[in-house]
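Residue numbers (my numbering): 118 to 645.
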C-alpha cells in the first residue's frame, strides 16, 4: 500500500518579523538557516521590505503610511497592522501550529503592530511565542518608555514571552561598533527562535514533540531560555552552566519554574549516561525539586565531533522574572499625626524593697500662712414662694357686665380627633415575638434552599470537568437524575388506538341505538 504525502506544504512553525528590528532578525535567521520553519517579514517601510531576502512579505498600512514607515509612533504601527490583519490571518490559517513573533520594542511598527499580530495568531488557537528586544540605554528615554508600554501589550497577547535586554549584550561583549552591536542582538534572537524551533523540527533519539512544547509554553507568561555549548573534558556540566548564564535574558534564575524543557544535542561522539545525569541533576537543583523536567536528546551534524549543546526553556513562574523594567508600585500616602510630646518618667529606684536606716522620731514644724480676714456674711434675703395652683375665691365685684351685640356666628365643625393608642413598655406583645420567630424560620429555610442549590451546582460543575461525568450525563435521562419515578407507563410498542367503532344498530323491538362494532376493517388485525 502506497501513500502520496503532500509536498511543498507550509511548515507548522512560522517566524514573523515585525518592524525594522524584527525584520533584521528574521533576515539573519533566514541566511543562517533553521530547519522546518517558514519566515515572514511585516513592515510599514517598503524600502526595508525590498532589500529583505525572505520570500513572504507583508506590506503593513499601505494606504495609511504609503510605505514610508510609522515614524516611531506606536499608534500608527498598530493601525497599520489592523489594516492588513486579514492578509496575516490568511497566511497563518494554513497548517500552522506555532508562531514566533520577533520585534524590537521602542519604535513605531514593532511596538504597535507586534501585539496585534500576536493576538491574531493566539485567537486562531496557535501557540504564540514572542521574542522581543529592549533598546539600548543610549537610544533615549522616550524609546525606553515606548518599549515598556509595548512590552505590557505584548505580554497580554502571547502564550510565552522571551525578553532580551540589549544592554546586557553590551556588558558581555564590551564596546562594539554600532553595526556589530545590533548584529549581536539579531544573533541572540536567531538563537532563541532556532533553539525552540529545532526542538520540534529535528527528530532525536528521545524526541521532544509539539505536544511537549505546547505543555511547557501554553499560557506560561514570561519565560527564561538559555543555550550553551562545550567541548572536551566536563563538556556536559560546562554546557549546562553556560546555558544558565546565557545572555538571552536579563534574569537567569530558574528557581521556582513549574516546567523545564531540556534538549541535549551532540556531535559525532555520543553523549554518555553520566553526562546526561550531570546535566539533569544540575538543572533540577537550579530549578527546585518541584519542577517537571521534559527532556530529549539527539544528534546534530552542525556540531563539532566532541561538542555538546544544551537548550533550556523554563516557564510557569509564580513570580514574574526580571525583564529590565521596574513595575509601577502604588503610591503610599503617609499621614503624620500630632507630634508626640515627651511625658516625664519617674526615675527608677535602685532598691525599691530596701529599708532605710533607723531614724529617731522628731517633730516637724509646719509653717502656716497668715489667716485672711473673713468676709462679713450678710443675712440671706427671704425668698417669697408663690403657689400657682392655689385656688383663691374670686370676688364678684371683679366681674364686669357688658352688653355685646349679637353677630352672626359660624357653625363650628367638630374636627375628628385622632384615636390615641397607648402602649405599655413593661409588657411584651406576643404578636411581635411570633412575627420575629416567623422571620427567623423563613430566613433559615431560604438559607437551606440556597445551600442545597449551591451544592447541586458544584456537583454538576465537577461532573462536567471530567470526561466520565460528561458521558454519564449524556447517557442518563434527565428524569432519572432528578429522581422522578414514572409509574404505570405503557410500553412504546403498546397501541392506544381502540379496535372498536361506534355504529347504529336496531334491537329486537326495532329501536335504533348505538353500539360497538368489533369488525372495523381499518383497525382490525386481519381485514380478510
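Ideal Cβ positions, reconstructed from N, Cα and C, are used throughout, including at glycine.
Coil, strand or helix - residue i by DSSP
i	result
residue 389	coil
residue 191	helix
residue 145	helix
residue 136	helix
residue 278	strand
residue 335	coil
residue 152	coil
residue 651	Shown here, the chain extends from 118 to 645; a query on residue 651 therefore has no answer.
residue 168	coil
residue 283	helix
residue 394	helix
residue 606	coil
residue 289	helix
residue 562	helix
residue 371	coil
residue 444	In this predicted model, residue 444 has a pLDDT of only 48, less than 50, meaning its place in the structure is not dependable; the value taken from the coordinates is given anyway. Note: residue 444 maps to coil in three-state DSSP.
residue 579	helix
residue 320	coil
residue 573	helix
residue 514	With a pLDDT of 49 at residue 514, under the threshold of 50, the predicted position of this residue should be treated as unreliable, though the coordinate-derived value follows. If DSSP states are grouped into helix, strand and coil, residue 514 belongs with the helices.
residue 601	coil
residue 180	helix
residue 438	Note that residue 438 has pLDDT 48, beneath the 50 cutoff, so the model's placement of it is unreliable and no number is given.
residue 586	helix
residue 330	helix
residue 197	helix
residue 273	helix
Residue span of the beta strand (DSSP E) that contains residue i, given as start and end
i	result
residue 174	173-176
residue 593	Per DSSP, residue 593 belongs to no beta strand (DSSP E) and is neither H nor E.
residue 348	341-348
residue 411	409-416
residue 378	376-383
residue 431	424-432
Distance CB(residue i)-CB(residue j) smaller than 7 angstroms
i	j	result
residue 334	residue 250	no
residue 357	residue 399	yes
residue 195	residue 223	no
residue 197	residue 161	yes
residue 431	residue 395	no
residue 143	residue 132	yes
residue 204	residue 175	yes
residue 374	residue 433	yes
residue 377	residue 341	no
residue 286	residue 309	no
residue 178	residue 200	yes
residue 329	residue 411	yes
residue 380	residue 316	yes
residue 348	residue 417	no
residue 67	residue 235	Look at the range of the chain in this structure, 118 to 645, and you will see that residue 67 is not part of it.
residue 187	residue 226	yes
residue 305	residue 281	yes
residue 231	residue 216	no
residue 300	residue 146	no
residue 302	residue 331	no
residue 237	residue 202	yes
residue 157	residue 168	no
One or two residues paired with residue i in a DSSP bridge
i	result
residue 622	630
residue 185	162
residue 296	None, per the DSSP bridge assignment.
residue 311	Paired residues: none, contrary to the question.
residue 131	155, 216
Where the alpha helix (DSSP H) through residue i begins and ends
i	result
residue 354	352-361
Taking the runs of the alpha helix (DSSP H) that are 4 residues or longer, which of them lie wholly in the stretch 201-266? 202-209, 226-240
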